[in-house]
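The next block holds one structure in the form of structure tokens; read it before the comments.
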Amino acid sequence: SSCSSASDTLACLRASDVETLSTANTNIQAGAFFGTFVWSPVIDGSFITQRPTVALKEGKINGNAYLAVTNTNEGVILVDATGMVMNTSIYAGKLFPKFGAAQDIEVAQQYTGLGPTLDQIIAIMGDSILKCPSYYILNAFHQRNFSAFKASIPPAIHGLDIPYYFPIIEAPAELAMTFPNKTFSAAFSQSFLLFVVSLDPNDKIDPSDDIMPPWTVYSIEQTEMVFKTVNNQTDIQMIMTDPTFLERCRFWESVGELTGQ
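UniProt numbering numbers the first residue of the sequence shown as 1 and each following residue consecutively.
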């Protein structure tokens, strides 16, 4: 943009033509660490006055119920698996530059035992950015919230739940519906619609067309509904949230000051 030496860089950027700004934006994004966004909210002291995790712990919420939606393998498409040579501690430092050696090592310890290095890295991305934050919000709602809504339809990657909400939507090939089952889709989409209508996914529109079992509030024994398939057959059930996953989330919450959360 040729604005780096300007006395007022912001005024210079505002005076630049659209093509110049578009090119600069593209170059900045291309230079970012894979799977991350350069442009994100920051604490400015007026519009945003504190970190989200701090506000949530203080009970600063503006709703009466919350439906969290996560996919099992959120991090897959957000990790560059081509020629991956990093170990987990190096990846953690790249993903969160404010981390020091102690945090990098702690991340590696948290994810030891979760399969090969690439699987661990995928889990780090998925947990820290997408999955754990939904549980922070669930906890903030206490007894007023509803269960976490976990989609486990293979391959259960980020965004794969969309065609199950909206079957007629034109989704990219990588997000195409992998389990086109009318009964499954009805249970999945109606749970979302019922929450919108009555704040209760158990208030069924058509019980004869909805195979979803009773859905208890998340804060009761930390239960959640899992929508998945087994041997190409529908398998929808309530489960206890994995305690080792919750432990990892507690770690990510503890380093929120360094991750921007």
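A virtual CB, placed ideally from N, CA and C, is assigned to each residue, including glycine.
Looking at residue i and the ligand HEM, is the gap between the Cβ and the nearest heavy atom below 7 Å?
| i | result |
| --- | --- |
| residue 180 | Only the bare structure without any ligand can be found here, which leaves the ligand HEM out of the picture. |
Give a yes or no on whether the C-beta atoms belonging to residue i and residue j are separated by under 8 Å.
| i | j | result |
| --- | --- | --- |
| residue 95 | residue 124 | yes |
| residue 110 | residue 251 | yes |
| residue 43 | residue 79 | no |
| residue 218 | residue 189 | no |
| residue 32 | residue 1 | no |
| residue 199 | residue 101 | no |
| residue 153 | residue 183 | no |
| residue 262 | residue 222 | Nothing can be reported for residue 262, as the shown portion of the chain is limited to 1 through 261. |
Which same chain residues end up closer than 7 Å to residue i when comparing Cβ atoms and leaving out the 5 residues on each side of it in sequence?
| i | result |
| --- | --- |
| residue 213 | 236, 237 and 238 |
| residue 230 | none |
| residue 258 | 96, 98, 99 and 103 |
| residue 181 | 234 |
| residue 93 | 99 and 104 |
| residue 61 | 140 and 141 |
| residue 117 | 87 and 88 |
| residue 185 | 164 and 167 |
| residue 59 | 140 |
| residue 159 | 175 |
| residue 91 | 121 and 124 |
Run the CB neighbour count on residue i, radius 10 Å, all protein chains shown included, and call it buried at 16 or more, exposed below.
| i | result |
| --- | --- |
| residue 140 | buried |
| residue 205 | exposed |
| residue 191 | buried |
| residue 21 | exposed |
| residue 34 | exposed |
| residue 156 | buried |
| residue 224 | buried |
| residue 255 | buried |
Does residue i come out as helix, strand or coil in the three-state DSSP assignment?
| i | result |
| --- | --- |
| residue 125 | helix |
| residue 137 | helix |
| residue 157 | strand |
| residue 114 | coil |
| residue 63 | coil |
| residue 102 | helix |
| residue 80 | coil |
| residue 27 | helix |
| residue 39 | coil |
| residue 109 | helix |
| residue 217 | coil |
| residue 3 | coil |
| residue 119 | helix |
Excluding the 5 residues flanking residue i on each side, which residues of the same chain have their C-beta closer than 8 Å to its C-beta?
| i | result |
| --- | --- |
| residue 40 | 260 |
| residue 203 | 194 and 197 |
| residue 49 | 43 |
| residue 169 | 162 and 163 |
| residue 178 | 153, 154, 155 and 160 |
| residue 3 | 9, 12, 13 and 16 |
Which one or two residues does DSSP pair with residue i in a beta bridge?
| i | result |
| --- | --- |
| residue 48 | According to DSSP, residue 48 bridges with nothing at all. |
Excluding five sequence neighbours on each side, which residues of the same chain lie with their C-beta closer than 6 Å to the C-beta of residue i?
| i | result |
| --- | --- |
| residue 126 | 74 and 75 |
| residue 248 | 110 and 127 |
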